[in-house]
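*Asks:* Starting off with a structure, shown below.
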Amino acid sequence: MKFLKKHLLGLEGVPKEDLEHILETAKYFREILDRPIKKVPTLTGVTVVNLFFEASTRTRISFELAEKRLSADLVNFSASGSSLSKGETLKDTARNIEAMMIDMVVIRHSSPGAPLFLSRVLKSSIINAGDGCHEHPTQGLLDIYTLREKVGDLSGVKVVIIGDIAHSRVAMSNIHGLKTMGAEVAVCGPATLIPVEMDKLGVKVFYSIDEALEFADVINVLRIQLERQKKATFPSLREYHDIFGITKERLSKYKKEFVIMHPGPINRGIELDTDVADSKHSLILRQVTNGVAIRMAVLYLLSGREI
Amino acid sequence: MKFLKKHLLGLEGVPKEDLEHILETAKYFREILDRPIKKVPTLTGVTVVNLFFEASTRTRISFELAEKRLSADLVNFSASGSSLSKGETLKDTARNIEAMMIDMVVIRHSSPGAPLFLSRVLKSSIINAGDGCHEHPTQGLLDIYTLREKVGDLSGVKVVIIGDIAHSRVAMSNIHGLKTMGAEVAVCGPATLIPVEMDKLGVKVFYSIDEALEFADVINVLRIQLERQKKATFPSLREYHDIFGITKERLSKYKKEFVIMHPGPINRGIELDTDVADSKHSLILRQVTNGVAIRMAVLYLLSGREI
Amino acid sequence: MKFLKKHLLGLEGVPKEDLEHILETAKYFREILDRPIKKVPTLTGVTVVNLFFEASTRTRISFELAEKRLSADLVNFSASGSSLSKGETLKDTARNIEAMMIDMVVIRHSSPGAPLFLSRVLKSSIINAGDGCHEHPTQGLLDIYTLREKVGDLSGVKVVIIGDIAHSRVAMSNIHGLKTMGAEVAVCGPATLIPVEMDKLGVKVFYSIDEALEFADVINVLRIQLERQKKATFPSLREYHDIFGITKERLSKYKKEFVIMHPGPINRGIELDTDVADSKHSLILRQVTNGVAIRMAVLYLLSGREI
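Residue numbers (numbering that gives the first Met the number 0), protein chains in the order written: chain A, 0 to 306; chain B, 0 to 306; chain C, 0 to 306.
Put into structure tokens, the structure is as follows:
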């Protein structure tokens with residue numbers, strides 16, 4: 000089956016067969032990562048630009064490794080020291096870089112919609128690596144891949160996403176993707192951190208952690224992103240931990256074994272306690288590994304290359 | 000024909016046959032950029048260091064892509080966080096890097112003559128990627144390449160370079176290269192931004208934009224580089240735009256179709272209006288594309304490798 | 000002989016046969032650096048992460064070139080703009096990067112023991128590229144390689160290390176490695192810059208430069224690392240130069256030709272005068288060249304790959 004999409008801007012509206020196709024392709028690349036020679040010549044001569052307008056380590060490194068293991072040529076562009084500081088528009092920066100005969104652009108930007116904008120002014124394939132509070136589709140895909148690897152078919156699987164839903168592109172991509180895959184999705188957090196229109200997405204909303212845990216099989220714990228909150232939306236980190244922190248004690252009250260996920264980096268002792276993060280039910284490091292495979296799959300499929 | 004030069008420090012004094020040889024070689028590499036696999040093994044095992052002592056995005060990326068598409072190994076060195084901040088001299092930094100068995104050095108530096116200095120203390124080939132107000136020869140070459148692609152033989156073609164001539168290495172490299180190729184060259188700008196000795200280079204000087212446009216077939220609009228001016232050399236950006244800005248209205252007074260060039264990044268609405276920059280007579284994005292081909296040609300020719 | 004070590008954390012306690020094995024392997028890679036194609040496919044598909052928590056130019060570039068010339072895939076990670084600034088622990092950062100299926104980690108860190116810590120929490124091979132005042136083993140190895148290349152067998156060769164011994168990981172690695180190779184090692188510097196327990200390492204201590212020069216065949220001059228001293232440990236740079244600076248005049252009082260080494264970057268006119276640094280008895284640039292070969296050898300041997 001040929002993949003007909005050109006961009007990956009978000010998981011909202013992406014049909015199930017496309018998600019399945021990406022997940023199946025990722026399985027092939029995931030196997031490559033276990034080989035001694037973790038490299039294929041698939042994208043030789045293809046040029047990818049990583050346009051990171053927000054500081055990032057793990058997402059940039061994950062994309063960079065995916066690109067190198069596909070044998071693509073890549074250039075990194077970060078906002079500091081760039082022509083943007085010389086007053087150039089995003090459109091001009093992007094069109095100029097594209098004029099160097101770029102095939103694909105991976106963009107992270109603090110403005111929601113920046114990847115969509117690029118997809119309209121450029122001919123290259125655009126991959127959204129996180130745009131403001133909008134979406135982070137490769138994170139959503141790697142979460143789905145990792146969860147499927149653990150529990151199989153996602154139909155009816157109950158996932159609760161806990162934390163700062165309002166500022167989380169990770170939550171948005173998870174919600175859209177998980178719903179499409181048939182999971183039941185809930186969110187839980189302080190009322191100040193949950194957007195009012197959540198229920199319109201077909202998502203349950205819990206303001207009580209106990210009700211959320213009663214409901215869920217899988218807990219996706221979001222990072223409290225202090226750097227992204229413009230103002231204080233809860234009284235203190237200690238209070239957040241007391242009310243919403245995922246601790247061993249809290250989980251032990253239920254007669255089920257929760258699957259634990261977290262997009263990282265973890266604030267240990269705030270949203271997630273160390274013994275839960277490092278327990279055998281935690282998929283956290285697997286998420287990181289699978290992230291490289293998902294990004295290889297997305298890069299490969301959007302390139303239009305045949306293997 | 001074997002290329003006998005070892006360095007590219009500037010276009011001043013470079014004979015026409017050498018310019019022709021670079022331009023012809025670039026044509027070969029330009030074709031490669033249109034292929035699905037934009038990569039050749041020409042410089043496999045050759046090591047290039049990009050020594051950027053001034054912040055730069057597009058020139059660095061252009062060189063980096065040229066190097067990668069030639070399969071060279073490259074390392075990037077930027078001034079911040081370097082041994083220079085530990086008090087090391089440029090000579091020591093360069094000799095130390097060369098001692099790691101480097102073949103070629105691409106240098107951008109705020110001091111005119113830094114590349115010449117390196118060519119005297121190092122055995123590597125040196126490519127000037129811009130040295131203060133002196134020269135930016137690969138920019139001059141890509142401008143000439145792009146103009147030839149558009150208008151053919153440059154003999155008698157009338158080019159006016161408009162803007163801050165005094166602070167512009169781009170202007171200098173264009174003047175030297177275009178004159179050698181047989182073009183008639185003029186400069187135009189506020190008197191404070193035109194060096195007194197301009198006419199000694201065989202260049203016409205216009206202080207009136209109308210006289211300049213009367214003369215010219217081709218307009219190379221320079222960026223107003225606010226960051227490079229030590230003091231205010233004209234009253235305001237608005238006044239600069241009113242007197243020297245290239246607008247559709249201003250051009251429409253003449254019964255000819257001007258070719259529009261700009262080295263980028265554009266200050267839209269200051270030195271160049273958007274409808275002119277994006278018109279069909281604008282070569283601006285082609286300049287960017289051809290820049291990669293020119294840099295591939297220069298790297299290849301100076302390497303002494305046979306294809 | 001298969002190399003059985005997995006990590007290179009320091010030279011302390013490394014047996015002579017292991018040092019010999021690394022030095023012999025480096026000889027093979029040193030020859031490759033003289034070829035027109037300075038590249039071998041030895042580590043194709045192996046992924047190395049350069050984790051630099053301290054700013055560094057030459058060591059990072061040297062490792063990067065070693066990795067590229069072995070055809071490894073590499074990603075650079077520097078502390079600024081990283082998840083560490085988001086409050087992540089070193090352990091989490093490292094385990095997350097390793098989860099991307101990394102084979103080897105090159106780490107530079109301001110805390111002594113950071114590489115040892117990583118070797119305990121990661122499965123990857125760890126190479127110490129300098130940890131606080133502890134060790135810098137590849138520098139020690141390249142110094143030993145370069146000295147052997149010059150003088151042959153090191154048994155009984157008299158080496159004095161001059162300068163800020165207390166803050167120098169270079170001194171520590173040299174002392175351990177040189178002692179194992181049979182050299183006689185002394186240190187010399189202001190009393191404030193020499194740790195009290197030096198003699199326990201079997202190292203002579205000289206507080207007088209004249210006694211040190213009387214003793215030595217080889218002078219390894221350390222850089223005065225002003226940035227690493229927490230407080231002033233000597234009155235002034237001028238006084239340091241007058242009392243401990245290595246000048247032509249000072250050396251000419253002895254009827255022997257000293258071999259001169261320095262790990263770079265040199266503070267010319269402070270710890271070392273220009274005519275000594277650039278004399279024919281100086282091995283300084285050779286140290287830099289051999290550093291790439293040593294790092295290639297270490298990367299290759301720890302990878303467990305067969306050539």
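Just so it is clear, CB atoms sit at the ideal spot from N, CA and C, and this is done for glycine as well.
Within this structure, are the beta carbons of A/Val-105 and C/Met-99 separated by less than 8 Å?
*Replies:* Result no, Cβ atoms of A/Val-105 and C/Met-99 do not sit closer than 8 Å.
*Asks:* Taking the alpha helix (DSSP H) that A/Met-171 belongs to, which residues open and close that run?
*Replies:* Note, A/Met-171: alpha helix (DSSP H), 168-179.
*Asks:* Between the region 136-144 of chain B and the region 184-200 of chain B, do at least 3 Cβ pairs fall closer than 8 Å?
*Replies:* Not touching, per the Cβ criterion.
*Asks:* Taking buried to mean at least 16 other C-beta atoms within 10 Å of its own C-beta, is A/Ile-293 buried or exposed?
*Replies:* So A/Ile-293 ends up on the buried side.
*Asks:* Please go through the region 110-147 of chain B and give each complete alpha helix (DSSP H) segment of 4 or more residues, from N-terminal end onward.
*Replies:* Listed in chain order, they are 113-120.
*Asks:* Roughly how many angstroms separate the alpha carbons of A/Asp-216 and A/Gly-263, rounded to a whole number?
*Replies:* Going from the Cα of A/Asp-216 to the Cα of A/Gly-263 covers about 20 Å.
*Asks:* Chain A partners of C/Val-74, CB-CB under 7 Å?
*Replies:* Residues of chain A passing the Cβ test: Ile-60, Glu-63, Leu-64.
*Asks:* Give the single residue among C/Thr-88, C/Ser-55, C/Tyr-144 whose Cα lies nearest to the Cα of C/Leu-117.
*Replies:* Considering only alpha carbons, the answer is C/Thr-88.
*Asks:* For A/Ser-124 and A/His-6, which I take to be in contact (beta-carbon distance under 8 Å), what is that distance rounded to the nearest angstrom?
*Replies:* A/Ser-124 to A/His-6, Cβ: 6 Å. Contact.
*Asks:* For A/Lys-178 and chain C, any beta-carbon pair shorter than 8 Å?
*Replies:* Closer than 8 Å: no.
*Asks:* Using a Cβ-Cβ cut-off of less than 8 Å, give me the residues of the region 40-58 of chain C that come near chain B, in sequence order.
*Replies:* Listed by position, the residues of the region 40-58 of chain C near chain B (Cβ gap below 8 Å) are Ala-54, Ser-55, Thr-56, Arg-57.
*Asks:* From what residue to what residue does the alpha helix (DSSP H) around A/Val-291 run?
*Replies:* Its alpha helix (DSSP H) spans residues 283-302.
*Asks:* On the CB-based measure, 16 or more other CB atoms within 10 Å of its CB, does A/Val-47 come out buried or exposed?
*Replies:* Classification of A/Val-47: buried, given that the 10 Å Cβ count is 16 or more.
*Asks:* Would you decide whether B/Gly-151 is buried or exposed? Buried here means 16 or more other CB atoms lie within 10 Å of its CB.
*Replies:* Exposed, because fewer than 16 other Cβ atoms sit within 10 Å of the Cβ of B/Gly-151.
*Asks:* Against chain A, does C/Ala-98 count as a neighbour if the rule is that its beta carbon must be under 8 Å from one of theirs?
*Replies:* Yes - at least one Cβ of chain A is within 8 Å of the one on C/Ala-98.
*Asks:* Checking 8 Å against the spacing of the C-beta atoms, do B/Leu-298 and B/Ala-65 come in under that value?
*Replies:* Closer than 8 Å, so yes.
*Asks:* Below 7 Å on C-beta distance, what does B/Val-287 contact in chain A?
*Replies:* Ordered by position in chain A, the residues that pass the 7 Å Cβ test against B/Val-287 are Asn-95, Ala-98, Met-99.
*Asks:* On a Cα-Cα basis, can you pick out the residue from C/Asp-198, C/Phe-257, C/Ala-93 that is closest to C/Val-220?
*Replies:* Of the candidates C/Asp-198, C/Phe-257, C/Ala-93, the one whose C-alpha sits nearest the C-alpha of C/Val-220 is C/Phe-257.
*Asks:* Is A/Lys-279 close to chain C, meaning its C-beta is less than 8 Å from at least one C-beta of that chain?
*Replies:* By this cut-off, A/Lys-279 is not an interface position.
*Asks:* For A/Ile-218 and A/Val-159, which I take to be in contact (beta-carbon distance under 8 Å), what is that distance rounded to the nearest angstrom?
*Replies:* Right, the Cβ-Cβ distance comes to about 6 Å (below 8 Å), so this counts as a contact.
*Asks:* Taking just the CA atoms, how far does B/Ile-174 sit from B/Lys-199?
*Replies:* Cα-Cα distance, rounded: 12 Å.
*Asks:* Does the beta carbon of B/Pro-35 sit closer than 8 Å to a beta carbon anywhere in chain A?
*Replies:* So yes, B/Pro-35 belongs to the interface.
*Asks:* Who pairs with C/Phe-205 in a beta bridge, going by DSSP?
*Replies:* DSSP output for C/Phe-205 lists C/Cys-187 as bridge partner(s).
*Asks:* Sorted by chain position, which residues of the same chain lie with C-beta nearer than 8 Å to B/His-280's C-beta, five sequence neighbours on each side aside?
*Replies:* These residues qualify, in order along the chain: Glu-256, Phe-257, Val-258, Ile-259.
*Asks:* Please name the residue in A/Ile-31, A/Leu-10, A/Ile-101, A/Phe-76 whose C-alpha comes closest to that of B/Pro-35.
*Replies:* The shortest Cα separation from B/Pro-35 among A/Ile-31, A/Leu-10, A/Ile-101, A/Phe-76 belongs to A/Ile-101.
*Asks:* Let's see if you can read the secondary structure: which residues bound the alpha helix (DSSP H) around C/Thr-46?
*Replies:* Where C/Thr-46 is concerned, there is no enclosing alpha helix (DSSP H), although the beta strand (DSSP E) it sits in stretches over 46-51.
*Asks:* Taking the alpha-carbon positions, what's the C/Leu-3 to A/Thr-41 distance?
*Replies:* Distance between the alpha carbons of C/Leu-3 and A/Thr-41: 34 Å.
*Asks:* Below 8 Å on C-beta distance, what does C/Leu-32 contact in chain B?
*Replies:* By Cβ distance, chain B contributes Met-100.
*Asks:* Along the chain, where does the beta strand (DSSP E) containing B/Asn-75 start, and where does it finish?
*Replies:* From DSSP, the beta strand (DSSP E) with B/Asn-75 extends over 72-77.
*Asks:* Exposed or buried, what is A/Arg-237 when buried is set at 16 or more other beta-carbons lying within 10 Å of its beta-carbon?
*Replies:* Burial call: exposed.
*Asks:* Cα separation between C/His-261 and B/Glu-305?
*Replies:* Taking the straight line joining both Cα atoms gives about 39 Å.
*Asks:* Beta strand (DSSP E) containing B/Arg-107: first to last residue?
*Replies:* It spans 103-108 - the beta strand (DSSP E) in which B/Arg-107 sits, taken as one unbroken run.
*Asks:* With a Cβ-Cβ cutoff of 8 Å, do C/Thr-246 and C/Asp-272 count as a contact?
*Replies:* Closer than 8 Å, so yes.
*Asks:* Let me check understanding here. Comparing Cα to Cα, which of C/Gly-303, C/Arg-285, C/Ser-302, C/Met-295 lies closest to B/Glu-97?
*Replies:* That would be C/Arg-285, whose Cα lies nearest to the Cα of B/Glu-97.
*Asks:* Contact check, B/Leu-250 vs B/Val-275 under 8 Å by CB: the rounded distance?
*Replies:* That belief holds up - the Cβ atoms of B/Leu-250 and B/Val-275 are roughly 7 Å apart, short of 8 Å.
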